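If you read the sequence shown in our numbering, its first letter stands for residue 51, the second for the next number, and so on. A short write-up of the structure that comes next.
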Amino acid sequence: MKSLFEQYREEFQGIEYCCYCMEPKDGKHSCCQENHFIPFEDFDDVDQIHIIDGEIALAVWQAEKQLEIANGR
């Protein structure tokens, strides 16, 4: 069985991120006043974990907002 880290590594493979701030490219032509994007798999393990942590935090935040909307808050 694959670890959660291995599963995320596979899922994010091929997605390009800014090599300075590690934000996903998402169709942008530049970021951080540069145009240097690299695939997720080219980051070292520490940076990959940082990206994964950020993606999980964003997903949790979005889920919490959806619950607030659903509960009328």
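For glycine and all other residues, C-beta sits at the position ideal for the given N, C-alpha and C. Because the structure is a prediction, the values reported are computed rather than measured.
- With respect to the 8 Å criterion, Glu66 and Pro89 are classified as neighbours on the basis of their beta carbons.
- Burial is judged here by how many other beta carbons sit within 10 angstroms of a residue's own beta carbon; Tyr58 has at least 16 and is buried.
- A Cβ-Cβ distance of about 7 Å is found for the pair Cys68 and His86, placing them in contact under the 8 Å criterion.
- The beta carbon of Ile99 is closer than 8 Å to those of Phe55 in its chain, skipping five residues each way along the sequence.
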